[in-house]
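All remarks here apply to the structure that follows.
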Amino acid sequence: MDNLWAPWRIQYIQAKKTKGCIFCQKPKQKKDRINYIVVRKKYVYSLLNIFPYNNGHVLIAPFRHVAELDKLNGEEKLELLDLVIETTKILKAILKPHGFNIGMNVGKTAGAGIDAHLHVHVVPRWNADTNFMPVLTETKIISQSLDELYRMIKP
Ligand SMILES: [Zn+2]
26 MDNLWAPWRI
36 QYIQAKKTKG
46 CIFCQKPKQK
56 KDRINYIVVR
66 KKYVYSLLNI
76 FPYNNGHVLI
86 APFRHVAELD
96 KLNGEEKLEL
106 LDLVIETTKI
116 LKAILKPHGF
126 NIGMNVGKTA
136 GAGIDAHLHV
146 HVVPRWNADT
156 NFMPVLTETK
166 IISQSLDELY
176 RMIKP
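For what it's worth, the numbering used here labels the leading residue of the sequence shown as 26, then goes sequentially.
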């Protein structure tokens, strides 16, 4: 896999870690538009990554605070995969990517920013997207595109 050049992520890397778990807090706040929560199911939900590796970067997490896959129950597992599939369908229809990176980083060593609450990354990829990414250097531009993206993919 090519490395994506994502300079706006420096804010995330430098930001002081907020107390508590954002994957638990955000759905409880009932501010789905502000938190970019896209879809709520019974056991899992999806939200836009506000520090995206690429346009259309969506995260899917269980509501329950669970660190590893083997702690999910049967219904959560099924719904998690269903929502990954549903998310790729929505992104395909709207953003027309050429491919996806879909995956999880389990544990800090594996690169998880938040390792206590598991989440699946769905990252759309376009041919030569490593070339167009440097155009998007302003955080402001990214946050505007997040709002736009949210309106586009919110069912
Ligand atoms: Zn949590």
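Where is the CB? At the ideal position from N, CA and C, for every residue including glycine. If you're wondering where the values come from, they're calculated on a predicted model, not measured in any experiment.
Please state the DSSP three-state secondary structure of residue i.
i, result
"VAL21", "Limits of the chain in this structure are 26 at one end and 180 at the other, which puts residue 21 out of reach."
"PHE88", "coil"
"TYR70", "strand"
"PRO122", "coil"
"ILE47", "helix"
"PRO149", "strand"
"ILE62", "strand"
"GLY128", "strand"
"LEU161", "Interpretation of LEU161 is limited by its pLDDT of 44, a score under 50 that renders its predicted location unreliable; the figure taken from the coordinates is listed afterwards. Note: LEU161 maps to coil in three-state DSSP."
"GLY138", "coil"
"TYR175", "helix"
"ILE115", "helix"
"LEU94", "helix"
"MET26", "Residue placement at MET26 cannot be trusted, given a pLDDT of 45 that sits under 50; the coordinates are not used to answer."
Under 7 Å from any heavy atom of ligand 1, does the C-beta of residue i make it?
i, result
"PHE48", "yes"
"ALA137", "no"
"HIS144", "no"
"HIS90", "yes"
"ALA118", "no"
"ALA141", "yes"
If I'm right that residue i touches residue j with Cβ under 8 Å, what's the distance once you round it to whole angstroms?
i, j, result
"VAL63", "LYS179", "6 Å"
"VAL91", "HIS142", "7 Å"
"LEU108", "PRO149", "The Cβ separation is near 16 Å, so there is no contact."
"ASN2", "LEU174", "Residue 2 is absent from the structure shown; the chain starts at 26 and stops at 180."
"ALA86", "PHE48", "5 Å"
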